[in-house]
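Residue numbers (this note's numbering): 40 to 637. Don't be surprised by glycine CBs; every beta carbon is placed ideally from N, CA and C.
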C-alpha cells in the first residue's frame, strides 16, 4: 500500500479506562474478526492479562478501513496503562505518528493519563482526545472535556465522545484517524531501515521481532543486519498481525509487522535496534530507546517442594519473553541457593512471580523488595548497590545516594490532610498543588523511591477510599543519610537479615525486626541475644530466654549448699554451651521479617 494511505497509531490511557475494549471494537468494525470469533480483550493473550483486566505487553494489529472510496491501512499498537510498563508505552510510540488518548467519562483525567500525554508530546505524536464510557450512568463527558483542556492543553472542541462497549461514536473515530493523523511519508528514509519495537521467543521458530519499517522494503530471503548487534541474518518469514500472525511476501516503508530469521537467542536481538540491508546498509541507525532500568530488587529462592535447577530453567524461559527483567545467582546462609532478580516496579515483580508459579508449576520464597543505591568511596568511585551484601567496608564509604522520584498524585479534596501526613511520614518533599476541578487535586512531591515502593499505594488507596491515583518517574540519585543495619544472633552477624535504611528509621526498624525474630526463633538450652548494630555500635537488643531444667528436683532435705553446688554446675554447662552451641534459625523466622508492613 502507498505510504500516504497508511496510519500508524497507538492507544494510550490510564489503567482501566477502556483501551483494550476500544481496540476490540475497531477490529469488529473493520471486519478483521467475525462476531463468532470476537471475545473481550482480544489482544490480551496472557491469562494473567485477562484475569487482572490489564495489558502487560504491547501488541500490534493491522486493519483496513474505507474512507471516501479509498482504502487505508491502520496499524494499531495497544499499550499498557500501568506505571510499571512505562517503557512498553515509549517503545510503541516510537513506531507511531499519532495517538488516541482515552479518558474515562466517569473518572476523568488521572495520574497515568498525564504521564502518557507528556510522553506522546515528547515523541511529537498527533493526539486525538477520546472520552470513553459516555453510556455509563453518572458519566460527565463535558466536565471531563474541560479537564482535558485545563490540564493537558488539548482543545475540548476536538474531543470525541464514544462508548467502546456499545460501539457508539467508534465509526466516526475511525474516520477521524484517517483525516487527522499524519501518514508516515515525512519520516521515510531512502535506505532500508526498520525499528524493532518488541520481540518474543517461540520455541520452534526462534525470536520473533515486531518492527516498523521506516525506509526501503524487506522481502523473504533477504540478508539483513542488526546494526547494534552487528550480526547478519537471512529473513525466513515476514508477516502482519491481523490479529493472528499472517504471512506476507514483503513489508514496505511505513508498515508494521513481524520478522523471523532463525535467530536462536533473545540476547541477539536488542529492542530499539535498527534492521538494515546487509549489502546496502543505511548510514546511521534510527534513534532507539534507553534500555529499561531495573529499580526494584528481590531475591527468589526455591521453596521446599522446588529444585534450584527447575527455578533457573523457569527464569531463563521467562527472561526470553521479557527482556526488562534480570536475574543473577545468589547464595544465602539461611535460604540456600537462589536468584537476585531486578524489576521495573512492584506490579512487574508481582506478575513475574505469578507467571513463574503458574507457567512452571513451582513454589518460590520471595524476600522483601529493595531498591538500588549508590555509594561514593573515598577514592571517588561510584558503586551501584543492589543488595546490602555488596557494600564495601563502612570505613571506605564517603557518601550514600538514594534514588529519588517525581511523584504525582491525583486525589479527592477531602483526602488531602491524611495524604500530606502519609507523605511526611515517608520523607516526601512537597513541590506543588494544581486544582483540576472543584473536587480533584493534583499534588506533586519529590520522594525517595525506597519509601513509596512497598505499601505506599495501598495506604494511599485506603486514605482516599480508593479514588487516588499515582504516577512516578525516576529523576536520579541524591545524597542521603543512609546506614546499613546488621542483625546479630548470638553475637554473630547474619548477612541475609542486613538492611539499608535511613538513619532516622534505623532504630525503630531494627527493633521491629528483632522483636519478630524473638517470637519466631525457638528457645535453646542457653540464652540467645538478638542485637541490631550500625557499624560496630549496638543500638537495640532483645533476648530469647533459655529453657530451665529443674536440676534440684531430685534433691531432698540436707544443706542448701548441695543445691547451690548443682545450680553452679548447671550454670557452667550453659556458659560452655553458649560459647560453642549453634543457634538454629528456622525458615519461618526469615519469612516473618520479610513482611515490612507497619
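Going by DSSP, residue 153 is part of the alpha helix (DSSP H) stretching over 150 to 161. Spatial neighbours of residue 482 in its own chain (CB-CB distance under 6 Å, excluding positions within 5 residues in sequence) are listed in chain order as 448 and 472.
Taking each of 103, 574, 55 and 53 in turn and checking the Cα distance to residue 66, the smallest one comes out for 103.
In the three-state reduction of the DSSP assignment, residue 537 falls in the coil class, being assigned neither a helical nor a strand state. Remark: C-beta atoms of residue 498 and residue 461 approach each other more closely than 8 Å. Separation of residue 61 and residue 478 (C-alpha to C-alpha, rounded to the nearest whole angstrom) is 28 Å. Measuring C-alpha to C-alpha distances from residue 46 to each of 52, 114, 54 and 70 identifies 114 as the nearest.
The region 270 to 283 and the region 186 to 200 do not touch, with fewer than 3 CB-CB distances between them shorter than 8 Å.
By DSSP's assignment, residue 202 forms a beta bridge with 207.
Excluding its 5 nearest sequence neighbours in each direction, residue 143 has C-beta neighbours in its own chain below 7 Å: 56, 57, 171 and 172, listed in chain order. Nearest to residue 529 by alpha-carbon distance, out of 538, 540, 557 and 511, is 557. A buried status is given to residue 523, since no fewer than 16 other beta-carbon atoms sit within 10 Å of its beta-carbon. When 537, 453 and 512 are compared, the shortest CA-CA separation from residue 506 is found for 453. Secondary structure note for residue 253: its beta strand (DSSP E) is the uninterrupted segment 245 to 254. Nearest Cα to residue 443 within the set 413, 418, 597 and 582: 413. The residue among 542, 535, 455 and 358 with its C-alpha nearest the C-alpha of residue 394 is 358. Pairwise C-beta distances place the region 231 to 238 in contact with the region 315 to 328, as three or more of them are shorter than 8 Å. Sequence-distant partners of residue 307 (beyond 5 residues in either direction) whose C-beta falls short of 8 Å from its own C-beta, in its chain, are 246, 265, 268 and 270. In this structure the region 559 to 567 does not touch the region 532 to 543; the number of beta carbon pairs closer than 8 Å is below three. A straight-line Cα-Cα distance of about 8 Å links residue 174 and residue 207.
Taking 8 Å as the upper bound for CB-CB distance, residue 542 and residue 521 are in contact here, some 7 Å apart. One alpha carbon belongs to residue 225, the other to residue 156, and they sit about 22 Å apart. Residue 48 sits in a strand when the DSSP states are folded into three classes. Going by DSSP, residue 500 is part of the alpha helix (DSSP H) stretching over 495 to 502. Here residue 438 is exposed, its C-beta having fewer than 16 other C-beta atoms within 10 Å. In the three-state reduction of the DSSP assignment, residue 350 falls in the helix class, which pools H, G and I. Taken atom to atom, the span from the alpha-carbon of residue 254 to that of residue 293 is near 7 Å. Looking from the CA of residue 205, the closest CA among 64, 475 and 137 belongs to 64. For residue 332, no alpha helix (DSSP H) run applies, since DSSP gives it neither H nor E. Relative to residue 416, the option among 592, 405 and 432 whose CA is nearest is 432.
Boundaries of the alpha helix (DSSP H) around residue 65: 58 to 68. Around the C-beta of residue 141, 16 or more other C-beta atoms lie within 10 Å, and the residue is accordingly described as buried.
DSSP places residue 555 in the uninterrupted alpha helix (DSSP H) bounded by 542 to 559. In summary, residue 611 is exposed, with fewer than 16 beta-carbon neighbours lying within 10 Å of its beta-carbon over all protein chains present. Secondary-structure assignment with DSSP links residue 258 through a beta bridge to 289. C-alpha of residue 376 to C-alpha of residue 403: approximately 12 Å in a straight line.
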